[in-house]
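FYI, in our numbering the residues of the sequence shown are 1170 to 1545. Beta carbons are placed, not taken as given, at the ideal position from N, Cα and C, and that holds for glycine. See below for the structure under consideration.
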Amino acid sequence: MQKSLWVIVFAIVLALGLHANEFNKMATGEPELIQKGDEKAYCPICGMSLKMFYKTSHGVILKDGTAKQYCSIRCLAADYPAIESHISKIVVTDVKSEKLIDVKSAFYVVGSKVPGTMSMVSKLAFANEADAKAFATENGGEVMNFDAAFAKAKASLANDVDEFIKKKQKGMYPMGEKIYNGKCEKEKIHLEAFNTIAELKVGLKKTQVCGELNEQELQAVSLYLWEIVRLEAHEHKTTIHVEKDEKCPVCGMFVYKYPKWAARMNYSENGKPVSHAFDGVKDLLKFYHAPSKWGNYTKHKDAELTILVSDYYTGDAIDGMKAFYVVGSDVVGPMGKEFIPFKTLTSAQTFMKDHKGLQVVEFSKIDEALVYAQDK
């Protein structure tokens, strides 16, 4: 009798465990994707397939109408500091209906037996409280609102990142490195042309510079390129150095406060080196076209000048005369509308598409009229 009782108990425990393990985060039908572009099916933070992790996906609608969608509340938490002031609405997938719902009305089950997505603790959302409670009764976990669940996601973010880096170091990074060194045409991969790992995945898939890859291989090589190769390159990049007392000769502002926008012009005057720092390309161009307007300065030929600007995506100091500039975008600098610089035409075109730019221009094509048109 006692043996039979233990068999029954074991069967119940096993059944509950299997139910949790068998919970499938993949969309059962067509997932509701709110991002635009070819990369809409991937999380912009980690690159994972939104269809594969649809039941934990979260999305944001920004005030300018832009939509972003993440595989998890963890990736939303990772991106949150950059978008917090621009958010209009946050949505989440209702596990039961698989429809996107406003997080303000959602009920979260936190800490169930279901494994987390990019986190050690799972966080699943439901439109109805009764569904959330029923799921928690069967799978464990605590029912709470979005604010409480999001607070836990933000609090555990650092530990989650560390834990998943360890896992990637054992599996995905070595796989990605092997593919990169063995199958990829390295000279055709330009990481600076991509804004997110999702865009990189789409780029690798389209161009097949690493051959035909299945989803796991594509994710592995994308992670290796984005999180290892790209970051190692950034560690060796050269930025425009600005002293704390340097003021822009056009607007008079301290340039060191705006490192992302820093630009510099160097030349020699009567055998002595002269260097000016600017808080944006627009002010540099005003000075370039008419230096005497801003003080006792002389106009020099292009061959006598060295102009450095900051690539918008990478922050690298690049040759301003060889750069590509996006005009008329929705991104503003310290002095309002700006000429947004990029090292490559591809990066400039990508930015123009994403930020409603009007045109891409080369340095030699920027006349004084176009410069002052940005102040209107």
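- Taking a contact as a CB-CB distance under 8 Å, the pair LYS1370 and THR1286 does not count as one, their CB atoms being some 17 Å apart.
- If only complete runs of 3 or more residues are kept, the segment 1435 to 1516 shows the beta strand (DSSP E) at 1441 to 1447, 1475 to 1479, 1486 to 1488, 1493 to 1496, 1509 to 1511, in order along the chain.
- Taking C-beta atoms under 8 Å as the contact rule, SER1241 and SER1288 qualify, at a distance of about 7 Å.
- Put simply, of GLN1385, GLU1267, ALA1320 the residue whose alpha carbon is nearest the alpha carbon of ASP1300 is GLU1267.
- Rounded to whole angstroms, the gap between the alpha carbons of HIS1410 and LYS1375 is 38 Å.
- Assignment of ASP1331 by DSSP, reduced to helix, strand and coil, places it in the helix class.
- If you look at GLY1228, you'll find it in the beta strand (DSSP E) that goes 1227 to 1231.
- In the structure shown, THR1262 adopts extended strand secondary structure according to DSSP, grouped into three states.
- Per DSSP, the unbroken beta strand (DSSP E) holding LYS1292 starts and ends at 1292 to 1295.
- Separation of GLU1384 and GLN1518 (C-alpha to C-alpha, rounded to the nearest whole angstrom) is 27 Å.
- Ranked by how close their Cα comes to the Cα of SER1391, the residues PRO1428, ASN1350, VAL1424, GLY1421 have ASN1350 in first place.
- With a contact defined as Cβ atoms closer than 8 Å, SER1498 and ILE1487 miss out at about 18 Å.
- Looking only at ASN1314, GLU1361, CYS1353, the smallest Cα-Cα distance to LEU1373 is reached by CYS1353.
- Taking every protein chain shown into account, the CB of ASN1308 has 16 or more other CB atoms within 10 angstroms, so this residue is buried.
- For SER1325, the three-state secondary structure derived from DSSP is coil.
- The Cβ-Cβ distance between THR1407 and ASP1485 falls below 8 Å.
- Non-local beta-carbon contacts of TYR1249 in its own chain, meaning distances under 6 Å to residues more than five positions away in sequence, are absent.
- Put simply, of ILE1270, ARG1243, ASP1233 the residue whose alpha carbon is nearest the alpha carbon of GLU1201 is ILE1270.
- When the alpha-carbon of ASP1452 is set against those of LYS1470, GLY1440, PHE1423, PHE1319, the nearest one is in PHE1423.
- Following the DSSP letters along the chain, one finds GLN1385 inside the alpha helix (DSSP H) bounded by residues 1384 to 1393.
- At a Cβ-Cβ threshold of 8 Å, TYR1239 and LEU1231 do not count as neighbours.
- DSSP places GLU1311 in the uninterrupted beta strand (DSSP E) bounded by 1311 to 1313.
- ALA1446 and LYS1534 have their alpha carbons spaced roughly 22 Å apart.
- Considering only TYR1342, CYS1420, LYS1413, ASP1331, the residue with the shortest C-alpha distance to LYS1426 is LYS1413.
- Annotated three-state conformation of LYS1413 is coil, per DSSP.
- Residue environment analysis places ASP1329 among the buried positions, since at least 16 neighbouring C-beta atoms fall within 10 angstroms of its C-beta.
- The shortest C-alpha to C-alpha distance from ILE1397 to any of SER1479, MET1341, ALA1538 is the one to MET1341.
- In the displayed model, SER1257 falls within a strand according to three-state DSSP.
- In terms of Cα proximity to PRO1503, the closest of VAL1419, ALA1236, GLY1228, LEU1514 is VAL1419.
- Assignment of VAL1424 by DSSP, reduced to helix, strand and coil, places it in the helix class.
- When DSSP states are grouped into helix, strand and coil, ASP1316 belongs to the helix group.
- Rounded to the nearest angstrom, the Cβ distance from GLY1198 to GLN1388 is 23 Å, too far for a contact under 8 Å.
- Exclusion of the five residues before and after TYR1494 leaves VAL1450, PHE1508, ILE1509, PRO1510, PHE1511, ALA1517, VAL1529, VAL1530, GLU1531, PHE1532, ILE1535 as the residues of its chain whose Cβ lies within less than 8 Å of its Cβ.
- Taking a C-beta distance under 8 Å as the contact criterion, THR1262 and TYR1223 qualify as a contact pair.
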